[in-house]
Every structure is written in structure tokens, then in C-alpha cells.
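Okay, so here's the structure we're looking at.
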Amino acid sequence: MANSTSTDCKHFIPLESNPIVFTDLIHKLGVSQSLAFSDVLSLEDPELLAFVPRPVHALVLVFPTSTAYEARKAESEAARVEYTGSGAEQDVIWFKQTIHNACGLYAILHAVCNGEARRYIR
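Quick note: the UniProt record's numbering has the sequence shown finishing at residue 122, numbered continuously throughout.
Dropping the structure here:
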């Protein structure tokens, strides 16, 4: 077993960006079977948008990042005041990502824990 230090970054095996995988996970976490993820094939083509089941409670966007994007994001985040709100009285539940490669999991948590989708948590 390798030695670890407090500076080691926690890593997560990335989730496959697949609505079946996402849906299976939320159901295992206790979200009602009536809520599911679906692929969105276009944000502009009305014919393709017609295939998206309604109502839509959240959109999980998957996009590649670059070194330039990460640098710009770090600069932007450094200028912000850290959000410290917590508790049931808050309008939005926010999870700060502290685990590398867990963006899919955090996206799923944000999608089902906010807005109308939170009513489906059993």
C-alpha cells in the first residue's frame, strides 16, 4: 500500500456520460423511479427537442475543457467570495466539488437536489 499524505487529491472513477447510468445511480440513491435522465440531441432544432421528455427539471451539460479554460475558471473563482450558506432555508442546495473526476456525480446531485426535482427524493 502506498503512503498517502494530507496533500493527496481524492479521485473518483468518472461516470460514463450516459442517461441510463445516471438514471440507475439516482434510483439507487433513493430518487423516485418516475424521474430519469435523457439525451438532448440539440438545443436549437425543434424536431430534435420534441424528443426530450417533459417536464425538464435540469440540464447536465458535458463539454471538454482545456488548460486555458481551467486557468480562466481558477482566475474567476479566486475573485469570488466563497458561498457559506447552508440549511433547509436556502433556495439552492450547493455541493462544492472536492474530489477530482467527480463532476458527473456532482452534476447529478445538483440536478436532483434542486428545484422541482427535489420532490422526487424518497
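All C-beta atoms in this analysis are idealised placements derived from N, C-alpha and C, irrespective of residue type, glycine included.
ask   = When burial is assigned at 16 or more other CB atoms within 10 Å of the CB, is I26 buried or exposed?
value = Indexing the sequence shown from 1 puts residue 26 at position 26. That one is buried.
ask   = Taking 6 Å as the line, does the beta carbon of R80 fall inside it for any heavy atom of the ligand SAH?
value = Because no ligand of any kind appears in the structure shown, any question about the ligand SAH cannot be addressed here.
task = Check each candidate in A71, L105, S86, C9 and name the one with the smallest Cα separation from P19.
result = Residue 19 sits at position 19 when you count from the first residue of the sequence shown. Among A71, L105, S86, C9, the Cα nearest to that of P19 belongs to L105.
task = Mind checking which residues open and close the alpha helix (DSSP H) that includes Y106?
result = Residue 106 sits at position 106 when you count from the first residue of the sequence shown. Taken as a continuous stretch (DSSP letters only), the alpha helix (DSSP H) holding Y106 covers 103 to 113.
CB-CB length for C113 against I93, believed under 8 Å = In the sequence shown, residue 113 corresponds to position 113, counting from 1. In the sequence shown, residue 93 corresponds to position 93, counting from 1. Yes, C113 and I93 are in contact; Cβ-Cβ is about 4 Å, under 8 Å.
L41 beta carbon less than 7 Å from that of L48 = If you number the sequence shown from 1, residue 48 lands on position 48. If you number the sequence shown from 1, residue 41 lands on position 41. It is a contact, given that the beta carbons lie within the stated cut-off.
request  = Please list, in chain order, all residues of the same chain as Q97 whose beta carbon is under 7 Å from its beta carbon, the five residues on each side excluded.
outcome  = For the purposes of this step, residue 97 is taken as residue 97 along the sequence shown, with counting starting at 1. Cβ neighbours of Q97 beyond the five flanking positions: C103, Y106.
ask   = Taking Cβ positions, are N101 and F12 nearer each other than 7 Å?
value = Taking the sequence shown and counting its residues from 1, one reaches residue 101 at position 101. Taking the sequence shown and counting its residues from 1, one reaches residue 12 at position 12. Cβ distance < 7 Å, so N101 and F12 count as in contact.
inquiry  = Contact defined as beta carbons within less than 8 Å: I believe R122 pairs with V31. What is the distance between those atoms, to the nearest angstrom?
reply    = Counted from its first residue, the sequence shown places residue 122 at position 122. Counted from its first residue, the sequence shown places residue 31 at position 31. Cβ atoms of R122 and V31 come within 8 Å of each other, at about 7 Å.
ask   = For H27, which beta-bridge partners are listed by DSSP?
value = For the purposes of this step, residue 27 is identified with residue 27 of the sequence shown, where counting begins at 1. According to DSSP, H27 bridges with nothing at all.
Inter-residue spacing [alpha-carbon to alpha-carbon] between L35 and G115 = To locate residue 35, count along the sequence shown from 1; it is residue 35. To locate residue 115, count along the sequence shown from 1; it is residue 115. Rounded to whole angstroms, the separation of the alpha carbons of G115 and L35 is 13 Å.
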